[in-house]
Amino acid sequence: MASQSSNLSVIGRAARVRGRITGAVDLEVQGYVEGEIAVGGDVTVDSGAMIGSSVHGRRLVVRGAVKGDLTADEAILLEDGARVVGDVRAPRVAIAPGALVRGFVDTGANGSAAPRTARAQAPATRSAPVAVKHVPAPPTKPAAKSAAAPAVASHLAGSAAATPKNAGPRRPPPPVVPALKKAKGQIAKKKER
Amino acid sequence: MASTVIGAGITIEGEVTTDEDVVVSGTLRGKLTAKDAVTIEHGATVEADVAGGSLVVAGSLTGNVTAAERVDLQQGARVIGNVKAARVTIADGAQFKGNVDMDV
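Chains as they are written, first to last, in this note's numbering: chain A, 1 to 193; chain B, 1 to 104.
Right, dumping it as C-alpha cells:
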C-alpha cells in the first residue's frame, strides 16, 4: 500500500462516466455513472453520487442514488441517504434508517452470483417488500432511442415510394394503382429468386 | 489528491467527462474529457481520445490528444496519436508516434 492514491479509484464529484467499470480493486463513486459497475473490491456510493445501472462488488456501501440492481459477494449496506430502485442481493443486507429502497431484497446464499441485467423489468412489476417510501427515480433513463425513429421511418418511406411493398399507415395510398401492381409483381419476382 | 482517480486494476470502457482533474493509473478505453489536469501515470493504459486543460503522460496512450495549455510526455511514456496543444514537451526516453500541432 505504498501509493494508496493509485490503489483506490475515485469517480469524482464532477465526473460523469458512460460505460462499464470493471476491475479487482476498490471503487468510490462520488459523481455520475451510467453503466455497469462490476469490481472485485468494495464499492462506496457516496451521497450525491448517481448510478444508473447495476453495481456488483465484494461489499457495497451506498449513501447515494442507484437505479439498478445491487449484488455483492459479502454484504450490502444501505445507509442514511441511500436511494435505491432495483433489486438488492447479498448474503448480508443492511438497510439503515433513512435509506429508501424500492425493489426485491434477497439475502439468499447465491448473492455471489453474476450480476443480472434484468433491471428494466425488476422495479416496476414486483411488489416491494421493504419499500419505505416511493422514491422518485433519478433521471438517468436512456430515452434517446426514439429520436432515431423518424429518420428511419422517412428512409423506409422513401424506399417504399420506389417499391411500395408495405407503406406505413400514415402514408397516403399511391395515386396510380397500376404502378403499385407492377411493383408488387417485381417484389414477388425478387422473392422467387 | 485528484478528484477522479482511475486506479490500477480498474478498467473503464466508455466515456469519462469531468470538470475537474483526472488521474489514470488503470485502463481506460473510450473517451476522456476533463477541464483540468489529466495525468496518465506509469503503468496506465489509455486507448481513448483525450481532451483536457493540461496533460501529463507517463504511461501508454493511444489516441488523439487535445489540451488547452500543455502536454508533457515524460520518460517512459508511450504515445501513439496526434497531439494538439499550445505547448508540447517530449522528455528524453518517451516513445511517440504522431503529429504535433502547437500554436505557431
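Note that the Cβ used here is the ideal one computed from N, Cα and C, for glycine as well. On a predicted model such as this, the values are computed, not experimentally measured, just so you know.
Looking at the DSSP output, Val65(B) bridges to Val50(B), Val83(B). CA-to-CA, the gap between Glu47(B) and Gln30(A) works out to about 24 Å.
Under the DSSP definition of a beta bridge, Phe96(B) partners with Val79(B).
Chain B places no beta carbon closer than 7 Å to that of Gly64(A), leaving this residue out of the contacts. Separation of the CB atoms of Val25(A) and Gly41(A) is rounded to 5 Å, and the pair is thereby assigned contact status at 8 Å. Counting only residues of its own chain and dropping the five nearest sequence neighbours on each side, Val5(B) has a CB closer than 6 Å to the CB of Val23. Interface flag for Thr45(B) against chain A is unset, since no Cβ pair is found closer than 7 Å.
Between Val62(A) and Val45(A), the CB-CB gap stays under 7 Å. Around the C-beta of Glu69(B), fewer than 16 other C-beta atoms lie within 10 Å, and the residue is accordingly described as exposed. In chain order, Gly7, Ile10 make up the part of chain B whose C-beta sits under 9 Å from the C-beta of Leu27(A).
Close partners of Gly26(B) in chain A (Cβ separation under 9 Å): Ser6, Ser9, Gly23, Val25. Looking at Ser3(B), Ser25(B), Gly30(B), Ala8(B), the one whose alpha-carbon comes closest to that of Glu15(B) is Gly30(B). Linking His42(B) to Val55(A) through their CA atoms gives a straight-line distance of about 28 Å. A direct Cα-Cα distance of roughly 7 Å separates Glu79(A) from Pro97(A). Between Gly19(A) and Lys67(A), the alpha-carbon positions lie close to 15 Å from each other. Within the same chain, Val56, Thr89 come within 6 Å of Asp72(B) by CB-CB distance, once the 5 residues on both sides are set aside. Within 8 Å of the CB of Val56(B), no CB atom of chain A is found; the nearest one sits about 14 Å away. Against chain B, a Cβ distance below 9 Å from Arg20(A) picks out Thr11, Ile12, Glu13, Gly14.
Within chain B, no residue has its CB atom less than 9 Å from the CB of Val105(A), the nearest being about 28 Å off. When secondary structure is reduced to three states using DSSP, Lys31(B) falls in the strand class. When secondary structure is reduced to three states using DSSP, Glu79(A) falls in the coil class, being assigned neither helix nor strand. At least 7 Å separates the CB of Asp36(B) from every CB of chain A.
By the criterion of a C-beta distance shorter than 6 Å, Ile40(B) is surrounded in its chain by Val24, Val46, Val57, Gly59, Leu61, once the five residues flanking it on both sides are discounted. At a beta-carbon threshold of 9 Å, the residues of chain B lying near Ala15(A) are Ser3, Thr4, Val16, Thr17, Thr18, Asp19, Glu20, Val22, Ala34, ordered along the chain. The beta-carbon of Gly35(A) is placed less than 7 Å from the nearest beta-carbon of chain B.
Closest by C-alpha distance to Arg78(B), out of Lys35(B), Gly7(B), Ala44(B), is Ala44(B).
One alpha carbon belongs to Arg102(A), the other to Gly53(B), and they sit about 41 Å apart. Using a CB distance cut-off of 7 Å, Gly30(B) counts as an interface residue toward chain A. Annotation for His42(B): no beta strand (DSSP E) segment contains it, and DSSP assigns it neither H nor E. For Gly48(A), no chain B residue has a C-beta closer than 9 Å to its own C-beta; the minimum C-beta separation is roughly 13 Å.
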